[in-house]
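Have a look at this one:
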């Protein structure tokens, strides 16, 4: 069996200029990065802004398990299938982070015969966007420490510095560090730490910005610290806004690539959904809407994280109106949610499957709460039995939702025809009544409680004393009108990663509240969640290599 990278390497790619021409773009609209990658110029984005919008489809999933769900693969295969049905479909997806690429999760360019290419480039340095974000983030950190060193004219309280440095790798040793050691010339000693680059607020503002001007405005108001009077200190206070923005002048431009069958794909931005808002850039999504009849996008992890943030944060800020949702699940993962050990997933187990289906049902209910119609895509595995598939189909159809078997990993677009047809029928027969799950004029506490109770199924929330004090502080500062971005485990609907399936009788503990004023939301920390992952015992990097001819091996 060929690996993902072997399949990608055996595919003959089209010149990106030809891919662009099929969606109405000329060479003048492109900034070429070789033959197969290009950025879209900001002038082109302005040129198409009055085009009619296509239909917006969100692809999400159940809570992920080590058994794998294949959300990105399903999204890509769905667009390939739409292409086979002569529908003008464009994918808008996130850029992979090097952290999980070299760690345990693997790449984020799809898999099998439903991939985006050149997959090696996309999974590695690509066009340098994440490097630009890393540098911009760390320039802010350097200018912050320099401001303190050079007399501290901003009266910064070194005990209240909230801006961290970042690197796009899983490196647990950098979570908690001390900087400024070695004497007076090297700065003021203080505790610090690193986040992974995709958790940086710079990534958030890049993905939510609608223009270069909007990006600059968002950067200016990012909070980096507090002064001795407890007042916020911003990037603009450091006089760093211009320099940070110019580092991102190319990164803000969406990247155009292609699927294995040359369907156009915009790959741009990559915040994680468990520690950030988990959606690709607004600019890429809007481009897909303006240039295609169907824009297919995704949001990270399960619908309790990425989809909720897509619908409550991204769509609200960008005035997007999604038309339908595809919820991806696998028989294997549902059995794991039903209590089956990973090593036993190949065996038929209808009892565990029925129990695990409760997780899927909760996500279907949640999508309905946003006023959106949905279709379930079952990412097929050879171990799925007829009885298991029939049980799943019966249980989901009892909720009035269609189910389609997706075989895009093995068959590419051909394996997604049934899913594409059911989605097209859904778009014709079911109307979207999209609305966020809460209003912005609700209190911070009410927003937190609404997400926990309505989306996670919690009985209530528990606020630590620190959070209660921060709610009072941010309300007084006028930040209570912002939406909420909850950082929590992706593995469970709750804040406890061990509670699989559809847990009941739990409360969600909010341990911290962080204002991301540039991104335009408050980050609430629920449970034990880290913004700098670590490598597993056997990192994926162990199996990667490149030969003397430049051929990459071991990249999934």
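Numbering (our numbering), first residue to last: 39 to 594. Backbone N, C-alpha and C define an ideal beta-carbon position, used for all residues, glycine too.
Below 8 angstroms on the Cβ atoms is my guess for residue i versus residue j; work out the distance and round it to an integer in Å.
i: residue 87; j: residue 328; result: 7 angstroms
i: residue 323; j: residue 358; result: 7 angstroms
i: residue 520; j: residue 560; result: 5 angstroms
i: residue 593; j: residue 582; result: 6 angstroms
i: residue 164; j: residue 202; result: Contact doesn't hold; Cβ gap of about 24 angstroms is too wide.
i: residue 478; j: residue 508; result: That pair is no contact at about 18 angstroms.
i: residue 242; j: residue 169; result: Rounded, the Cβ-Cβ distance is 17 angstroms, inconsistent with contact.
In the DSSP assignment, the beta strand (DSSP E) including residue i goes from what residue to what residue?
i: residue 332; result: 332-336
i: residue 416; result: 412-417
i: residue 93; result: 93-99
i: residue 399; result: From DSSP, residue 399 is part of no beta strand (DSSP E) but of the alpha helix (DSSP H) over 388-407.
i: residue 172; result: Looking at the DSSP string, residue 172 is not in any beta strand (DSSP E); the run it does join, the alpha helix (DSSP H), is 167-187.
i: residue 215; result: 215-217
Pull the bridge partners of residue i from the DSSP assignment, please.
i: residue 69; result: 77
i: residue 153; result: 148
i: residue 232; result: 203
i: residue 551; result: 562
i: residue 594; result: The partner list for residue 594 (beta bridge, DSSP) is empty, contrary to what the question assumes.
i: residue 270; result: 264
i: residue 353; result: Residue 353 pairs with nothing; no bridge assigned.
i: residue 584; result: 590
i: residue 524; result: 562
i: residue 545; result: 498
Output the distance between the C-alpha atoms of residue i and residue j, rounded to the nearest integer angstrom.
i: residue 199; j: residue 494; result: 32 angstroms
i: residue 389; j: residue 377; result: 10 angstroms
i: residue 98; j: residue 185; result: 43 angstroms
i: residue 385; j: residue 420; result: 11 angstroms
i: residue 341; j: residue 222; result: 50 angstroms
i: residue 224; j: residue 277; result: 22 angstroms
i: residue 62; j: residue 394; result: 45 angstroms
i: residue 380; j: residue 387; result: 13 angstroms
i: residue 74; j: residue 423; result: 40 angstroms
i: residue 522; j: residue 292; result: 26 angstroms
i: residue 78; j: residue 60; result: 14 angstroms
i: residue 391; j: residue 375; result: 8 angstroms
i: residue 150; j: residue 135; result: 20 angstroms
i: residue 66; j: residue 72; result: 15 angstroms
i: residue 290; j: residue 244; result: 6 angstroms
i: residue 176; j: residue 285; result: 11 angstroms
i: residue 588; j: residue 183; result: 41 angstroms
i: residue 300; j: residue 427; result: 32 angstroms
i: residue 339; j: residue 125; result: 27 angstroms
i: residue 491; j: residue 539; result: 16 angstroms
i: residue 80; j: residue 330; result: 18 angstroms
i: residue 133; j: residue 266; result: 39 angstroms
i: residue 586; j: residue 570; result: 34 angstroms
i: residue 44; j: residue 51; result: 14 angstroms
Check for me: the alpha helix (DSSP H) holding residue i runs from which residue to which?
i: residue 483; result: 482-488
i: residue 63; result: Careful: residue 63 lies outside any alpha helix (DSSP H) and carries neither H nor E.
i: residue 131; result: Here residue 131 belongs to no alpha helix (DSSP H); instead the beta strand (DSSP E) covers 127-131.
i: residue 291; result: Here residue 291 belongs to no alpha helix (DSSP H), and DSSP marks it neither H nor E.
i: residue 512; result: 503-514
i: residue 255; result: 250-258
i: residue 246; result: 239-246
i: residue 370; result: 369-375
i: residue 15; result: The structure shown has nothing for residue 15, since the chain only spans 39 to 594.
i: residue 320; result: 320-329
i: residue 434; result: 424-435
i: residue 43; result: 42-47
When DSSP labels each residue in this structure, what does residue i get in the three-state scheme?
i: residue 138; result: helix
i: residue 107; result: coil
i: residue 444; result: strand
i: residue 83; result: helix
i: residue 303; result: strand
i: residue 540; result: coil
i: residue 196; result: strand
i: residue 598; result: For the chain, the structure presents residues 39 to 594; residue 598 sits outside this window and is missing.
i: residue 382; result: helix
i: residue 518; result: coil
i: residue 297; result: strand
i: residue 313; result: coil
i: residue 57; result: helix
i: residue 460; result: helix
i: residue 191; result: coil
i: residue 209; result: coil
i: residue 51; result: coil
i: residue 454; result: helix
Would you check whether the ligand COA has a heavy atom nearer than 7 angstroms to the C-beta of residue i?
i: residue 554; result: Absence of the ligand COA is noted for the structure shown, with no ligands found whatsoever.
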